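Q:
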Amino acid sequence: QVYVLKRPHVDEFLQRMGELFECVLFTASLAKYADPVADLLDRWGVFRARLFRESCVFHRGNYVKDLSRLGRELSKVIIVDNSPASYIFHPENAVSVLS
């Protein structure tokens, strides 16, 4: 069983982003935890792919999301994340959010 407290307007935000962009869920969490959470968040099938901890690079004690592994042009990729350590390889692509 999973408990999720959604941020205000997250449903509308995700739905609109899914209309405009290719959205990929990239988390440092384990799939067994994050997949059920993503199911609760992603009611419209916005995430075209889900990447979990095993897709991260373990670097200096942190799980880093290496955007170059996505196979996309980096100038067209952003990462929205609350942990600067997660996007240390690509800070110019980051939109930081508070936890």
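Residue 14 in full-length UniProt numbering is what sits at position 14 of the sequence shown, and the numbering runs on without skipping anything.
Ideal Cβ placement from N, Cα and C applies to all residues, glycine included.
None of these values were measured; they are calculated from a predicted model.
Quick one, which of 74, 2, 97 and 77 has its alpha-carbon nearest residue 85's?
A: By one-based count along the sequence shown, residue 85 stands at place 85. Comparing Cα positions, the closest option is 97.
Q: Run through the DSSP bridge pairs and tell me what residue 81 is partnered with.
A: Mapped onto the sequence shown, residue 81 falls at position 81. DSSP, once it has assigned bridges, lists 96 as partnering residue 81.
Q: Would you say residue 23 and residue 58 are within 8 angstroms of each other, going by their C-beta atoms?
A: Counting from one through the sequence shown, the residue named residue 23 turns up at place 23. Counting from one through the sequence shown, the residue named residue 58 turns up at place 58. No, the pair does not count as a contact, with Cβ atoms beyond the cut-off.
Q: Among 63, 12, 95 and 88, whose alpha-carbon lies nearest the alpha-carbon of residue 30?
A: Working through the sequence shown from its first residue, we reach residue 30 at position 30. Ranking the options by Cα distance to residue 30, first place goes to 63.
Q: Look at residue 77 and residue 70 and say whether their C-beta atoms are less than 8 angstroms apart.
A: In the sequence shown, residue 77 corresponds to position 77, counting from 1. In the sequence shown, residue 70 corresponds to position 70, counting from 1. Closer than 8 angstroms, so yes.
Q: In the structure shown, what three-state DSSP assignment does residue 34 receive?
A: Here residue 34 refers to the residue found at position 34 when the sequence shown is read from its first residue. In this structure, residue 34 counts as helix in the three-state DSSP scheme.
Q: Roughly how many angstroms separate the alpha carbons of residue 90 and residue 50, rounded to a whole number?
A: Reading the sequence shown from its first residue, position 90 is the one you call residue 90. Reading the sequence shown from its first residue, position 50 is the one you call residue 50. Those two C-alpha atoms are separated by around 19 angstroms.
Q: Less than 8 angstroms between the C-beta atoms of residue 44 and residue 61, yes or no?
A: Stepping through the sequence shown from its first residue, residue 44 is reached at position 44. Stepping through the sequence shown from its first residue, residue 61 is reached at position 61. Against a cut-off of 8 angstroms, the Cβ pair of residue 61 and residue 44 comes out as no contact.
Q: Quick check: what's the CA-CA separation for residue 74 versus residue 52?
A: Taking the sequence shown and counting its residues from 1, the one referred to as residue 74 is at position 74. Taking the sequence shown and counting its residues from 1, the one referred to as residue 52 is at position 52. Near 20 angstroms, if we compare the C-alpha coordinates of residue 52 and residue 74.
Q: Which partner residues of residue 9 appear in the DSSP bridge assignment?
A: Indexing the sequence shown from 1 puts residue 9 at position 9. Answer is none; residue 9 lacks a bridge partner.
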